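**Student:**
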Amino acid sequence: MAFHVVALNALLKNYDEHIIKKEISKFQCSLNPDVSYFIATKAIEFEKVGMARTTLVYVPFKGEDVLVGYFSISNKSLSISKHNWSKITKSVRRKLLPMGYKTEQDNYNLQSILLGQFAKNDCYRQQKLITGNELMSIANEKIKVAWHVSGGNLLYLEAENEPHIRDFYINNGFSQLFIKEKVNDKKPNRPYVTKNGLQLYIKKLSDL
């Protein structure tokens with residue numbers, strides 16, 4: 042199936058903003074209402090100020106192009122607090138060390154790209170116009186372009202604690218970050234939870 046991949050920024054340059062907002066606000070994702078809220082209320086604003094770049098994916102259906110999925114990316118360092126850094130296993134720290142630097146507060150910043158939003162449109166779920174893997178493949182190509190232009194070492198995302206979500210990202214090459222409950226524990230025994238209350242998944246940009 043032919044996908045029509047369009048940057049939101051390109052639409053804003055060529056069409057009336059109110060028309061665009063009306064159309065993208067129809068996007069629905071019952072699995073993650075936050076992505077529906079983002080595209081309806083924040084995507085255009087973030088695009089204007091350069092906080093995130095949103096890409097829309099369309100598919101021909103019944104004589105017109107319909108929005109079947111979207112994703113948003115941004116250049117945003119992954120910051121791990123000194124407290125959490127000490128709870129990451131030494132083997133994982135050794136892998137992450139070359140990718141970032143310590144701050145004056147002894148936090149650890151990793152030069153990264155954030156996959157902030159990623160979802161399929163429920164409006165066309167029954168028609169199965171796009172799979173999650175197909176949408177991820179499109180996202181990976183856009184992320185590669187951003188990486189080669191702006192640099193970075195790591196791709197990361199935050200996700201809800203749901204088995205099917207975890208399986209999807211693991212199957213697409215991400216690793217879930219785990220930490221130790223206590224510094225002296227021998228093995229990591231709980232997921233790393235971000236300040237947003239979500240679980241963290243990471244992937245080397247060179248593995249895209």
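Each residue of the sequence shown is one higher than the one before, counting from 42 in the numbering used here. Think of the CB as a built atom: it goes at the ideal place given N, C-alpha and C, for glycine as much as any other residue. None of the values given here were measured: they were computed from a predicted structure.
1) Note down, one range per segment and in chain order, each beta strand (DSSP E) of at least 3 residues found wholly within the region 44-82.
2) Check this for me: beta carbons of Gly110 and Leu176, under 8 Å apart or not?
3) Between Gln217 and Tyr242, is the Cβ-Cβ spacing less than 8 Å?
4) Might you give, ordered along the chain, the residues of its own chain that have their beta carbon closer than 6 Å to the beta carbon of Cys164, omitting 5 neighbours on each side?
5) Decide yes or no for the touch test of the region 220-228 against the region 144-154: beta carbon pairs closer than 8 Å, at least 3 of them.
6) What residue from Thr95, Asn230, Asp75, Ile80 has the CA that sits closest to Val46's CA?
7) Any idea if Leu72 is buried or exposed, counting beta-carbon neighbours within 10 angstroms, 16 or more meaning buried?
8) Closer than 7 Å by C-beta to Leu239: which residues in its own chain qualify, once you throw out the five before and the five after it? Chain order, please.
9) Apply the 10 Å Cβ neighbour rule to Gly193 and answer buried if 16 or more other Cβ atoms are within range, or exposed otherwise.
10) Provide the residue span of the beta strand (DSSP E) that contains Leu108, from first to last.
11) For a test of your reading of the model: does the CB of Arg135 fall under 7 Å from any non-hydrogen atom of the ligand FAD? Yes or no.
12) Just to confirm the assignment: which complete alpha helix (DSSP H) runs, minimum length 4, are found wholly within the region 156-203?
13) Using the Cβ count rule (16 or more neighbours within 10 Å means buried), how would you classify Tyr210?
14) I need the boundaries of the alpha helix (DSSP H) containing Ser132, first residue and last residue.
15) For Gly91, count neighbouring Cβ atoms within 10 angstroms of its own Cβ and tell me buried if that reaches 16, exposed if not.
16) Applying the criterion that 16 or more other CB atoms from any shown protein chain within 10 Å of the CB defines a buried residue, is Lys123 buried or exposed?
17) How long is the line joining the alpha carbons of Asn162 and Ser77, rounded to whole angstroms?
18) Ordered along the chain, which non-local residues of its own chain (more than five positions away) have a Cβ less than 6 Å from that of Tyr233?
**Tutor:** Walking through what the data contain:
1) 45-48
2) In the sequence shown, counting from the first residue as 1, residue 110 sits at position 69. In the sequence shown, counting from the first residue as 1, residue 176 sits at position 135. In contact: Gly110 and Leu176 (Cβ atoms closer than 8 Å).
3) Numbered from its first residue, the sequence shown carries residue 217 at position 176. Numbered from its first residue, the sequence shown carries residue 242 at position 201. Judged by beta-carbon spacing, Tyr242 lies within the 8 Å limit of Gln217, meaning their Cβ atoms are closer than that value.
4) The residue given as residue 164 occupies position 123 in the sequence shown. Result list for Cys164: Gln69, in chain order.
5) no
6) Along the sequence shown, read from residue 1 onward, the residue named residue 46 stands at position 5. That would be Thr95, whose Cα lies nearest to the Cα of Val46.
7) Here residue 72 refers to the residue found at position 31 of the sequence shown. So Leu72 ends up on the exposed side.
8) Stepping through the sequence shown from its first residue, residue 239 is reached at position 198. Result list for Leu239: Glu199, Ala200, Glu201, in chain order.
9) As a working note, residue 193 is residue 152 in the sequence shown. Buried is the call here.
10) Walking along the sequence shown from the start, residue 108 turns up at place 67. The continuous beta strand (DSSP E) containing Leu108 extends over residues 105-116.
11) No copy of the ligand FAD occurs in the structure displayed, which carries no ligand at all.
12) Within the region 156-203, the runs of alpha helix (DSSP H) that reach at least 4 residues and sit entirely inside it are, in chain order, 173-191.
13) Position 169 of the sequence shown, counted from the start, is the residue given in the question as residue 210. The residue in question, Tyr210, is buried, as its Cβ has 16 or more Cβ neighbours within 10 Å.
14) In the sequence shown, the residue the question calls residue 132 occupies position 91. Element bounds for Ser132: 131-137.
15) If you number the sequence shown from 1, residue 91 lands on position 50. With fewer than 16 Cβ atoms within 10 Å of its Cβ, Gly91 is classed as exposed.
16) Counting from 1 along the sequence shown, the entry for residue 123 is found at position 82. By the 10 Å Cβ count, Lys123 comes out exposed.
17) For the purposes of this step, residue 162 is identified with residue 121 of the sequence shown, where counting begins at 1. For the purposes of this step, residue 77 is identified with residue 36 of the sequence shown, where counting begins at 1. About 9 Å.
18) For the purposes of this step, residue 233 is taken as residue 192 along the sequence shown, with counting starting at 1. These residues qualify, in order along the chain: Leu218, Ile220, Leu241.
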